[in-house]
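Novice: Chains D and S, in that order, are what the protein sequence lines are. Heads up, the first sequence is in the working numbering, so the first residue is 17 and it goes up one at a time. Heads up, the second sequence is in the working numbering, so the first residue is 17 and it goes up one at a time. C-beta atoms are modelled at their ideal positions from N, C-alpha and C, and glycine is treated no differently. Small disclaimer: the values here were computed from a predicted structure and weren't measured. Just passing along the structure, written as structure tokens.
Number of protein chains: 2
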Amino acid sequence: MKFQEIFKALADENRLRIINLLRQGELCVCEIESILRMSQSNTSRHLNILKSLNIIDAEKKAQWVYYFLNEDFIANNKKLYDYLFEQLTADTYKKDIDRLTKYRSSTFSCENFNEEKEDVLSFLDKICDDEK
Amino acid sequence: MKFQEIFKALADENRLRIINLLRQGELCVCEIESILRMSQSNTSRHLNILKSLNIIDAEKKAQWVYYFLNEDFIANNKKLYDYLFEQLTADTYKKDIDRLTKYRSSTFSCENFNEEKEDVLSFLDKICDDEK
DNA sequence: TGATTATATTCAATTATACTCATATAATAT
DNA sequence: ATATTATATGAGTATAATTGAATATAATCA
Numbered sequence: 017m018k019f020q021e022i023f024k025a026l027a028d029e030n031r032l033r034i035i036n037l038l039r040q041g042e043l044c045v046c047e048i049e050s051i052l053r054m055s056q057s058n059t060s061r062h063l064n065i066l067k068s069l070n071i072i073d074a075e076k077k078a079q080w081v082y083y084f085l086n087e088d089f090i091a092n093n094k095k096l097y098d099y100l101f102e103q104l105t106a107d108t109y110k111k112d113i114d115r116l117t118k119y120r121s122s123t124f125s126c127e128n129f130n131e132e133k134e135d136v137l138s139f140l141d142k143i144c145d146d147e148k
Numbered sequence: 017m018k019f020q021e022i023f024k025a026l027a028d029e030n031r032l033r034i035i036n037l038l039r040q041g042e043l044c045v046c047e048i049e050s051i052l053r054m055s056q057s058n059t060s061r062h063l064n065i066l067k068s069l070n071i072i073d074a075e076k077k078a079q080w081v082y083y084f085l086n087e088d089f090i091a092n093n094k095k096l097y098d099y100l101f102e103q104l105t106a107d108t109y110k111k112d113i114d115r116l117t118k119y120r121s122s123t124f125s126c127e128n129f130n131e132e133k134e135d136v137l138s139f140l141d142k143i144c145d146d147e148k
């Protein structure tokens, strides 16, 4: 009853926001956490749920864990995947992508996450306000 | 956030079983109830959830309410619909279709549901045992 | 080694969901 | 009109899902 579990996994906004982000490429936990403004434990939890269903996969590099969409999942669930991204049009998802884009064009990275976290957050928040 | 609600609706086995049945054509509540061996109130509630999302629609004929897949939903969510029916291959769903087929080839109908309910149930149970 | 940091996990509280039993509503039939 | 029947809904309960806070684990760095 695997596909039923997949529907359940996709029936949560936070997980959809994560998937939406990862479509733009891999991200580590602390990046997702900042861009989506979710707590660390909650981010980790949702990533684990998606990973346990093989919707996403992870790779550890030094102390960071990078998550990315699982190509096999996409290939094996093409219709669902296409449908999903047709549907991810709500403001929330667009705004998240804006934050990701700004983050990527900045000089921030996860190298100094602990020290800079507040700076990253206020940077991203400010950017999003500017755009309105 | 409509499609998220749709995923939630599809993340439940009883609702998937209902959708699976309705693919073969309209059915009234008491028929679904017998074929799936679900309680009356539970059946009604799940139908209501699907109907509130326009996944299915209903038409009242005399005292019976007939439910059927909503053609607009199928048209507007073609990829999801195709994906869904590709996935409905588990034993449970096949067995449900068997029960529906046997019911349809019988002389039972919902006309005398109240009197015949036990007969319908044991008829369908027996048939399914025969097939093993 | 010991301190720091990124991520995962446990615990407890809250909220949402599914279910049953009982009752309400709406339609038919006598 | 009254009784009967099909379906819907309300109340209560059990189970599951989501979350934050605190803690554990694993990797790096000094």
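Can you tell me which residues form a DSSP beta bridge with S:Ile228?
Specialist: Residue 228 of chain S cannot be examined here, being either before or after the span of chain S that is shown, 17 to 148.
Novice: What residues of chain S sit near D:Leu26, judged by a beta carbon separation below 7 Å?
Specialist: Result: Phe23.
Novice: Which residues mark the beginning and the end of the beta strand (DSSP E) in which S:Leu85 is found?
Specialist: Where S:Leu85 is concerned, the enclosing beta strand (DSSP E) stretches over Trp80 to Leu85.
Novice: State the DSSP-derived secondary structure class of D:Asp88, mapped to helix, strand or coil.
Specialist: Residue state, collapsed to three classes: helix.
Novice: Can you confirm whether D:Leu63, when its beta carbon is compared against all beta carbons of chain S, has any partner nearer than 8 Å?
Specialist: For D:Leu63, the answer is no, since every Cβ of chain S falls outside 8 Å of its Cβ.
Novice: In the DSSP output, what is D:Glu75 paired with across the bridge?
Specialist: Note: D:Glu75 sits in a beta bridge opposite D:Tyr82.
Novice: For D:Ser50 and D:Leu137, what's the separation of their Cα atoms in angstroms?
Specialist: One C-alpha to the other measures close to 6 Å.
Novice: Could you name the residues of chain S that D:Lys95 contacts, counting a contact when the two beta carbons are closer than 8 Å?
Specialist: Going along chain S in sequence order, the residues near D:Lys95 (Cβ under 8 Å) are Lys95, Leu96, Asp98, Tyr99 and Glu102.
Novice: So, for S:Phe129: in the same chain, excluding its five sequence neighbours on each side, which residues have a beta-carbon less than 7 Å away from its beta-carbon?
Specialist: Closer than 7 Å at Cβ, skipping near neighbours: Cys46.
Novice: So, helix, strand or coil for S:Leu43, using DSSP?
Specialist: S:Leu43 falls in the strand class under three-state DSSP.
Novice: Going straight from the alpha carbon of S:Leu32 to that of D:Tyr99, what length do you get?
Specialist: Going from the Cα of S:Leu32 to the Cα of D:Tyr99 covers about 18 Å.
Novice: Using the beta-carbon of each residue, which ones in chain D are nearer than 9 Å to S:Leu66?
Specialist: By Cβ distance, chain D contributes nothing, its closest Cβ being about 13 Å from S:Leu66, past 9 Å.
Novice: Does D:Asp112 pass the burial test, meaning 16 or more other C-beta atoms within 10 Å, or should it be called exposed?
Specialist: D:Asp112 should be labelled buried.
Novice: Please compile the residues from chain S whose C-beta is within a distance smaller than 7 Å of the C-beta of D:Leu32.
Specialist: Here the neighbours are Gln20.
Novice: In terms of residue numbering, what span does the alpha helix (DSSP H) encompassing S:Asn36 cover?
Specialist: Element bounds for S:Asn36: Glu29 to Leu38.
Novice: How about the segment 103 to 122 of chain D and the segment 66 to 79 of chain D: do they share at least three Cβ pairs that are nearer than 8 Å?
Specialist: No, the segment 103 to 122 of chain D is not in contact with the segment 66 to 79 of chain D.
Novice: Identify the continuous alpha helix (DSSP H) that holds D:Arg53 and give its terminal residues.
Specialist: Element bounds for D:Arg53: n/a, residue is neither H nor E.
Novice: Do D:His62 and D:Asn90 count as a contact pair if the criterion is CB distance below 8 Å?
Specialist: Here the sequence assigns Ile to residue 90 of chain D, which means Asn is not the residue at that position. No, the pair does not count as a contact, with Cβ atoms beyond the cut-off.
Novice: For a test of the three-state rule: what should DSSP assign to D:Leu100, helix, strand or coil?
Specialist: Residue state, collapsed to three classes: helix.
Novice: In this structure, how does DSSP classify S:Thr123 when only helix, strand and coil are distinguished?
Specialist: Correct three-state label for S:Thr123: coil.
Novice: Nearest-angstrom Cα distance between S:Tyr97 and D:Gln103?
Specialist: Near 14 Å, if we compare the C-alpha coordinates of D:Gln103 and S:Tyr97.
Novice: Taking the Cβ atom as the reference point for each residue, do S:Ala27 and D:Lys118 lie within a distance shorter than 8 Å?
Specialist: No, they are not a contact pair.
Novice: Quick check: the Cα distance between S:Leu38 and S:Met54, rounded to an integer number of angstroms?
Specialist: Cα to Cα, S:Leu38 sits roughly 15 Å from S:Met54.
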